[in-house]
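Numbering (UniProt numbering), first residue to last: 1 to 1128. Cβ atoms here follow ideal geometry from the backbone N, Cα and C, with glycine treated the same way.
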Amino acid sequence: MLLGGITAVLGPSSSGKSVLMKVLTGRLPTLSCAGEVTFCGKRIDPNSQDNGFGFVPQEDSLIGDLTIRETFEVAARLRNVGTIEEASKASNEVINGLGLSKVGDNVIGTILKRGLSGGEKRRTTVGQELVVKQAMAFLDEPTSGLDGTAAYDVLKTVKDFTTRSKGGFSVIMSIHQPNGRILELFDHILLLGRGGSIFFGTLPEAIQHFTDIGHPPPAGQVPTDFFMQVTEGSIALPTMGDINFTQVYATSDTHANTVHALEISKAKMLVRLTNGIVNPTFERPGFLRQLSTLLWRDSVVAVRDPTLYYLQFVLHVLYGFFVGTTFWNVPTTLDDRQTQLAASCMWIIMLQSYVHVFKVFYLVNSNRRFANERSNLSYGVTSFFLAETIVTCLAQLLWVPGCSLAFFMIGLPADAYLFSMLALYVGALAAEGMINLITKFTNNPSIAIVISQAALVILTVFAGGIFIPFDEIPEYWSWVEVWSVYKHCSRAFLMAIFEHVLYDCPSGSVTLTTPDDSTANQGWCTTFQDTYECNESFDDNTMLCEVEGTVVLDINAGGLSGNKWNFLGHTIALVVVFRAGVLFFLKFPKEAIIHAIKSRLASPVVSTSLQHQSEIQMLWGEIVKLKKAATPSVTPAAMEEATAKPSAQLQRRATLKALKEEGEGMVPSCHSAENAQEKALVFRDITLKLRSKEKILIDSVTGKATAGRVLALMGPSGAGKTTLLNALGGRATYGEVSGAVTLGGRPLTSEDLNYVPQFDEHSERFTPREILTYMKHLQVVPKPRSNRKSVIELLHILGLSLKADVMVGTLSGGEQKRLSIGMGMVAEPEVLFLDEPTTGLDSASAHSVVKYISNLARQTNVVCIMTIHQPASEVFDMIEDLMLMESGKLTYFGTTKNARNFFDSLAGECPSSVNPADYYLDLISQPPSIDVGKGATWQELYYNSEFNIDIPNSTVRTDKEPGDGDGDGGRPRPHWSVVARTLLDTQLEYYWRATEVHWFRILELIVLAIFVGTMYFRLGKDRIAETAAAAFFNMWCALFAVVASVPAFARDRRRILQEMLNGAYGPTMYCCTQFLASAPFILVSALVYQSIFHWLVGFNDSVYAYIYAVLLTASLLFMMEAIMLMAS
């Protein structure tokens, strides 16, 4: 690539663009890579994360509680040497350059806070690398979700940064569907196919290369779109049959010249590097600068994120109140209530530790963000560790109010308060450190929660000798208690409390003895369990006996004597050990350690000889040259004819005859267009206002979408396109919507609509074929042999035939987007909303998808509205109706033909070489010029023009039931029994495959049953206290085992809600089938758990007692699952 320039990596979905960029930046260190990478003439290791290359991943990893300005300033202060004022100046420059000045001080947004749009988040992610001084940045799909104008502005800003750097800053980026203007910004392009590299060089060189091999791009088409369509077989040319473009390029003169030029450039750069002319390194801020910046960032997140500490604080106070009221003013009398004081203390100790399980989600996300930022050399590991540790230590003070509330409500001695709070504080740090360390072993929050819960439950057994006396702990488990965050913390806490407590002995329980060496009588207090020695204040005349609390505690706990400060020191040592483990795995991630071990143990592998491959490529090159010599030149007429026909290669890939006519007839038919009256979705004066603010997001938008035609909704990023779809579909619950929406003269209902959201929501445990079949059965009345056929056809047209039977989790982003479109198509709705259906797709895939959508609308007479960014000219030509929006206002509505006439009359004719879609968006993104608008807005210009369509008021017919259509009776729905069976079968299959829902739970219950069961192994009937403790843990383990399913429930909730909103089923149907699908797994869990626990502990041996225990456990699991479903 050219230093100080931009190299664009292009290719179809799954061609390896993202993988290549991750390999070059060391994001895939566990892969074995071959080849050579040089930078400034110096060879570097691509697996190293110390090359100093910035990387912007395809998925945004922003902190939602920060504003854009704060995000940029943090990035600048962490990675640039300079003052705070210079960081602020650099941030403002990037904000203005990326067109984010209007939202610069808005928070990015979280699940609880509405923030930036998808396009604005994408620009913010890119901006983090532009604000930093570095040698090279890798941008993975930086324009995803942006309109053509915004994409150009972003890349123009990137280009300006590289130009001003004078060779000091370079960019490699992957991109889909660049238009002509964007292509001009690239210094080099790298075309990838599924077989490897197809071309590298400048755009003119690419055009010449494809012309030399008989594939010249036609005039008026974006060259890179044409190249990808040719190499993918989307179009056919009469000059050649099948061709391996990778081998053709590898044996071409173009490739040889490129390799020669790169070798010369490498030698020159090495000389310049040796002479000090080029210095690719940058000075980074010092340790204190990084530490202070990270401290500020973590503190802001802790203050602003209500789910991180505030929610836990509220739960802590409520829990403290419940414990305090339960053990209100615990009596200190040696009777049947003598253990309540120690029990209340144990609940306080558990109070400040179990709450840390809720932090697992934050820690897992923080680990992912750390991995990316560390790879970008944003800061050192030590500075990150210390900042996180300091903020955590301060945050633990939030638990003091809840513990204090319980402390004084129970009536614990005030003299012990300060030390008790100190012991609890250190214990909380130990518990948080242990859970933090656990999250370093997995990025899966479900697994982290399972391990954290199991660890806390297991270690709770050793708390204070209350559940089992210390002298009765089996030797084979004694090594575990050393690591218990409860053992030493509880000892310190209990010793501090009980050294200030005096127990009263009932008068009838005092006995006297006379020691041999004294004439005084010694008093003893005898209870139903033990005998305690009275303290020195005993008077044998009054027989008033008081027993030291430490004596009672020592006897009941099985030996709890010792110094409380020693116990506290042991707890502090645990904090240090766990924190040291966290630091170790931050420096040496688990994946790197495993890879190093495997590399050390792996036997040497003899690499494949490249000589034979070179000979094959040389032979292939000669064959290509011979075929070229025997092939007549291509005329322009032949080129146009060829580009209009599907290729033989594509025809061989498809097994359906319908593919031979560009998808005609492949669309599943649900509403026959024959004899159909004109049906339209009419919306008038749609206005959306935020409830929390007096801000109008959609301002009196009126339009109409006609059945059988596609209405494209376009506009700059943040124009309100998705918001309008949400308002029309009844999904804008975050605001107040006014206006009328009718379909064929009746109100639009959820039964009519299918909505394909911008962000994909799929179950990763199913294949595309299974998902489409599932949606088909839920929403379409079955027809003989039709469902299976239509799914097969749809998989072919979406380009997913080869991936039809692989798990969705393995699909690329583009493939998942196509699957989302297929889910909307397969349901055969009356109205279809598609939000950004071509985002993440290459030009060939986008063309085929939009063509299919157009055929769908025409053949099924469906009303179709789609938002779209950056449509290529060939895609835009297929669009019939167009609606343009800017800042929530309508700027044009009508046919695409009239759009050309409207804008030509105001701003001049659109140049033939310019994509009309880009031209229109460029115009409305800026206020009309004085000559054009004379001070008016684009909205006013449209409403006052002859092209303004007068949409008559729709009369809502009340004689029609919801769901009725015009002439076809509305979309028929499957019988409820079919829906219930489909939903039940799918959920059963999902639970069988999704290990994080039930299988992790069963595994956790088995581990806990074995541990607790062997801890209380075969208790006798005379050990009442231990039997009660074992029964407590029997229920305690079952209660907490379900919490591990929360991440899966939260993830599934979005998908389930989407299906409900699309009318696939209702809440009652889902709840019933979910209960039935969970029942077998819950019953098996209860059976397995109680079979182990019941026998090991030696509970009642009767069958009745065992069945009762199983049913009780199942009931608890059902109850907790319902609570977790509500919480998620």
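In its chain, beyond the 5 residues on either side, Val710, Leu832 and Ala857 have a beta carbon closer than 6 Å to the beta carbon of cysteine 864. Here the alpha carbons of lysine 695 and glutamine 177 stand approximately 34 Å from one another. Shown here, phenylalanine 322 sits in a helix according to DSSP, grouped into three states. Note on geometry: alpha-carbon atoms of cysteine 1037 and valine 457 lie some 7 Å from one another. Counting only the Cα atoms, valine 158 lies some 18 Å from asparagine 80.
Histidine 316 sits in a helix when the DSSP states are folded into three classes. DSSP, reduced to helix, strand and coil, places serine 845 within a helical segment of the structure shown. A straight-line Cα-Cα distance of about 8 Å links serine 61 and threonine 125. Counting only the Cα atoms, alanine 705 lies some 25 Å from leucine 841.
Nearest in C-alpha terms to glycine 214, of all of Ser265, Val230, Val806 and Leu146, is Val230. Taking the Cα positions, threonine 527 is about 21 Å away from phenylalanine 470. Boundaries around glycine 193 are those of the beta strand (DSSP E), 188–193, since no alpha helix (DSSP H) includes it.
Counting the other CB atoms within 10 Å of its CB gives methionine 1126 a total below 16, which places it among the exposed residues. In terms of Cα proximity to lysine 156, the closest of Asp187, Leu351 and Val132 is Asp187.
Every beta strand (DSSP E) stretch that sits fully inside the region 149–194 and reaches 3 residues is listed by chain position as 170–174 and 188–193. Residue environment analysis places serine 378 among the buried positions, since at least 16 neighbouring C-beta atoms fall within 10 angstroms of its C-beta.
Between alanine 431 and valine 364, the gap from beta carbon to beta carbon reaches 8 Å or more. For cysteine 1037, no beta strand (DSSP E) encloses it; the enclosing alpha helix (DSSP H) starts and ends at 1024–1041. Across the structure, threonine 149 and isoleucine 868 are spaced so that their CA atoms are roughly 13 Å apart. Apart from the 5 residues on each side of it in sequence, serine 873 sits with its Cβ closer than 6 Å to the Cβ of Asn915 in its chain, given in chain order. For the pair histidine 500 and glycine 549, the Cα-to-Cα distance works out to about 7 Å. Under the three-state reduction of DSSP, phenylalanine 199 is assigned to strand. When Cβ pairs closer than 8 Å are counted between the two stretches, the region 749–766 is seen to touch the region 1054–1065, the count reaching three or more.
In the three-state reduction of the DSSP assignment, tryptophan 483 falls in the coil class, being assigned neither a helical nor a strand state. Per DSSP, alanine 302 is one residue of the alpha helix (DSSP H) stretching across 287–304. Excluding five sequence positions before and after serine 537, the CB atoms of its chain that fall closer than 7 Å to its own CB belong to Glu546, given in chain order. Contact between the region 1066–1079 and the region 986–1002 is present: 3 or more CB-CB pairs across the two stretches fall below 8 Å.
Counted as a single uninterrupted DSSP element, the alpha helix (DSSP H) harbouring aspartate 554 occupies residues 549–556.
C-alpha of glutamate 36 to C-alpha of isoleucine 593: approximately 24 Å in a straight line. Taking 8 Å as the cut-off, the beta carbon of valine 171 is found no closer than this to the beta carbon of isoleucine 44.
Its chain contains Tyr532 as the residues whose beta carbon lies nearer than 6 Å to that of valine 551, once the 5 sequence neighbours on both sides are disregarded; these appear in chain order.
Going by beta carbons, methionine 878 and alanine 719 fall outside the 8 Å limit. Three or more beta-carbon pairs separated by less than 8 Å are not found between the region 1019–1031 and the region 444–451, which leaves the two stretches without contact. Counting along the chain, the unbroken alpha helix (DSSP H) around cysteine 403 starts and ends at 400–410.
Distances from the CA of aspartate 530 to each of Met543, Thr542, Ile555 and Val1088 were compared; the closest alpha carbon is that of Ile555. Across the set Leu190, Leu748 and Glu283, the C-alpha of Leu190 shows the shortest separation from the C-alpha of threonine 258.
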